[in-house]
Amino acid sequence: MAHPAINHDPSSVNLRTLTAHAEWIPSVTTVEVAQAVLARKNIDFVAVLEGPRLIGACTRRDLAQQLGSRYGFALNARQPVSMFLTRASLKVSTATPITEVFKAATARDPLEFYDDVLLVEPDGRYVGMIPMRALVRLQTEFLLRNNAQLEASRDEIAEKNLAMEKDLLMAREVQLAMLPPAHAPFSAGGLTLRLAHRYQPAGSMSGDFYDVLRLSDDVAGILVCDVMGHGARSALVTAMVRAMLEELRPFAADPGVLLTRLNRNLGRILHQTGSLIFVTAAYAVINLGSRRLRYAQAGHPTPLCWDASARAVRKVACPAEIAGPALGLIDTFTYTTVEEDFNPGDRLVLFTDGVTEAANPADEEFGAERLEREVERGAGLPLNDSVQALLNEVGKFCAGAPFSDDVCVIAAELT
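Mapping of the sequence shown onto our numbering: residues 677 to 1091, in sequence order.
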């Protein structure tokens, strides 16, 4: 049967209910008489008082040893029992928390581990003896009850985790559904703009985002964003960017204007969160009729361009003094649009830093130089194959380990 003390929480255990007896003897009691009292009461420990003051305890075991040794009875039988108190009796107050009693009792020397514990009132008055076996039993019952509660909590947490995983799975499906499908080529004046992309989130939800805007039959807008971090919060911000992008479509022909307005709208919301959240972005507009590329950048890695006439890879012409800060940091910043030629055979590759920062087992990053080499190596492949080959090389570099950050690559080629 469980001890009545465990009907309460450990912090409310009444130590008085744990006492087995309250026997005591005066300190002047002789050893012979004390031994007789212990035998008659059939107890192993008895408190020793000097007047009203508790001075310790003596044990049947110790007194028997003193009387049973050679000449022991003759030497010790008439000695006061106060001369043979246990070496280190443990005394606790009725106000002591049961957890502290457990700690003090189990910290004793192994030879004294099973000695009874003396219980006193806060003013020092003797209350009784608590058998160590009662403390052991009580602690065991507490542990069993705690284990049962822990198991119940574990089941509850597992159930909540399962529900959360289902919610995240649905959120992931919604996020993927928000991404643009495979786009039909843009065609005008005998020219065709083809697009290819790869998107690989590091977790169940991603902070990377891309979109392709059909501004007209011969003008395409390509946006790549990277929200700081990843997970549910980042995914929520990507959904906000997507919604704002639809509202700002009338300004999408000018990359600088689009990023300026997107930054202003996004900053007003993000600043209200009280947390540092920002979004890097790269936005390019390709006009087939004029064969021109217009571009603006907000704290994002500069895209690469395969120049077909020069047979070389270079960065899009976006000087550091023109490239702006990430979206959501400075509401009043005005982003600048830069322009350059984009001729048949040229390719544009936009990407997030999950590509360049992918690391191998030696913690070495893939880096910008390797990326440029892979873009150059893939220039002779069909566009879609070149993007896949690029990600394959990044995967090989990482020795097959999962990417630590979201990865997004989108490429465009004019033919």
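Don't be surprised by glycine CBs; every beta carbon is placed ideally from N, CA and C.
| Close beta carbons around residue 899, own chain, < 6 Å, minus the five adjacent residues each side | Here residue 899 corresponds to residue number 223 of the sequence shown, with the count starting at 1. Result list for residue 899: 887 and 959, in chain order.
| query | What's the call for residue 704, buried or exposed, on a 16-neighbour Cβ count within 10 Å? | reply | As a working mapping, residue 704 is identified with position 28 in the sequence shown. Classification of residue 704: exposed, given that the 10 Å Cβ count is below 16.
| task | Identify, in the order they occur along the chain, each residue of the same chain with its Cβ nearer than 6 Å to the Cβ of residue 992, setting aside the five sequence neighbours on each side. | result | Taking the first residue of the sequence shown as 1, we reach residue 992 at position 316. Contacts found: 971, 978, 979 and 981.
| residue 763 to residue 736 span [Cα, whole Å] | The sequence position of residue 763 within the sequence shown is 87, counting from 1. The sequence position of residue 736 within the sequence shown is 60, counting from 1. C-alpha separation (whole angstroms): 14 Å.
| request: Let me know the secondary structure DSSP gives residue 904 once reduced to three states. | output: In the sequence shown, residue 904 corresponds to position 228, counting from 1. Reduced to three states, the DSSP call for residue 904 is coil.
| task | Could you please give the first and the last residue of the uninterrupted beta strand (DSSP E) stretch that includes residue 960? | result | Along the sequence shown, read from residue 1 onward, the residue named residue 960 stands at position 284. It spans 955-963 - the beta strand (DSSP E) in which residue 960 sits, taken as one unbroken run.
| said: Output needed for residue 756: all residues of its chain with C-beta closer than 8 Å, excluding positions within five of it in sequence on either side, in chain order. | reply: The count along the sequence shown starts at 1 and reaches residue 756 at position 80. Around residue 756: 703, 704, 705, 706 and 707.
| request: Please name the residue, chosen from 1064, 811 and 810, that lies closest to residue 632 on a Cα-to-Cα basis. | output: Because the chain here runs from 677 to 1091, residue 632 falls outside it and cannot be looked at.
| query | Who are residue 892's beta bridge partners in DSSP? | reply | Translated into positions along the sequence shown, residue 892 becomes position 216. Residue 892 is bridged to 895.
| field | Under the three-state DSSP convention, the category residue 945 falls into | value | Numbered from 1 along the sequence shown, position 269 holds the residue referred to as residue 945. Residue 945: helix per DSSP, three-state reduction.
| request: Determine which residues share a DSSP beta bridge with residue 738 and list them. | output: Along the sequence shown, one-based indexing puts residue 738 at 62. In DSSP, residue 738 forms no bridge with anything.
| residue 929 lies in the alpha helix (DSSP H); which residues open and close that run? | Mapped onto the sequence shown, residue 929 falls at position 253. Taken as a continuous stretch (DSSP letters only), residue 929 belongs to no alpha helix (DSSP H), as it is neither H nor E.
| message | Measuring alpha carbon to alpha carbon, tell me which residue in 716, 835, 963 and 883 is nearest residue 909. | response | Taking the first residue of the sequence shown as 1, we reach residue 909 at position 233. Among 716, 835, 963 and 883, the Cα nearest to that of residue 909 is on 883.
| field | Segments of 3+ residues assigned as beta strand (DSSP E) that fall wholly inside the segment 975-1044 | value | 980-983, 988-991, 1014-1017 and 1023-1027
| field | Cβ separation of residue 1028 and residue 1083, assumed to be a contact under 8 Å, to the nearest whole Å | value | Within the sequence shown, residue 1028 is the residue found at index 352, counting from 1. Within the sequence shown, residue 1083 is the residue found at index 407, counting from 1. 7 Å between Cβ atoms; contact.
| query | Do residue 743 and residue 753 come within 8 Å of each other at the CB atom, strictly closer than that value? | reply | The residue you call residue 753 lines up with position 77 of the sequence shown. The residue you call residue 743 lines up with position 67 of the sequence shown. Yes, Cβ-Cβ distance for residue 753 and residue 743 is below 8 Å.
| First and last residue of the beta strand (DSSP E) that includes residue 643? | It is not possible to answer for residue 643, since the shown part of the chain is limited to 677 through 1091.
| field | C-beta contact flag for residue 938 and residue 1003 at 8 Å | value | On the sequence shown, position 262 is the one that residue 938 refers to. On the sequence shown, position 327 is the one that residue 1003 refers to. Contact: yes.
| Close-in-space but distant-in-sequence residues of the same chain around residue 680 (CB under 8 Å, 5 per side omitted) | What you label residue 680 is simply residue 4 of the sequence shown in a count that begins at 1. No answer about residue 680 holds up, because its pLDDT of 46 lies below 50 and its placement is not dependable.
| field | Whole-angstrom distance between residue 867 and residue 1049, CA atom to CA atom | value | Counting from 1 along the sequence shown, the entry for residue 1049 is found at position 373. Counting from 1 along the sequence shown, the entry for residue 867 is found at position 191. Looking at the two C-alpha atoms, the distance is approximately 27 Å.
| field | Buried/exposed call for residue 1089, threshold 16 Cβ in 10 Å | value | Taking the first residue of the sequence shown as 1, we reach residue 1089 at position 413. Residue 1089 should be labelled buried.
| message | So for residue 973, helix, strand or coil by DSSP? | response | Mapped onto the sequence shown, residue 973 falls at position 297. Strand, per DSSP.
| request: Evaluate residue 745 with the Cβ neighbour count: other Cβ atoms within 10 Å of its Cβ, from every protein chain shown; 16 or more gives buried, anything less gives exposed. | output: Along the sequence shown, read from residue 1 onward, the residue named residue 745 stands at position 69. Burial call: exposed.
| message | Once DSSP output is grouped into helix, strand and coil, what is the label at residue 760? | response | For the purposes of this step, residue 760 is identified with residue 84 of the sequence shown, where counting begins at 1. Here residue 760 sits in helix by DSSP.
| query | On the three-state DSSP scale, how would you describe residue 677? | reply | Numbered from 1 along the sequence shown, position 1 holds the residue referred to as residue 677. Note that residue 677 scores 41 on pLDDT, short of 50, meaning its location in the model is unreliable; the coordinates nonetheless yield the value given after this. Reduced to three states, the DSSP call for residue 677 is coil.
| request: Check residue 799 in the structure and name its three-state DSSP category. | output: On the sequence shown, position 123 is the one that residue 799 refers to. Three-state DSSP puts residue 799 in coil, outside helix and strand.
| query | What are the boundary residues of the beta strand (DSSP E) that includes residue 721? | reply | As a working note, residue 721 is residue 45 in the sequence shown. From DSSP, the beta strand (DSSP E) with residue 721 extends over 721-726.
| task | Measuring alpha carbon to alpha carbon, tell me which of 957, 834 and 696 ends up nearest residue 718. | result | Within the sequence shown, numbered from 1, the residue matching residue 718 stands at position 42. Nearest C-alpha to residue 718: 696.
| request: May I ask which residues mark the beginning and end of the alpha helix (DSSP H) holding residue 689? | output: Working through the sequence shown from its first residue, we reach residue 689 at position 13. Counting along the chain, residue 689 falls outside any alpha helix (DSSP H), and DSSP gives it neither H nor E.
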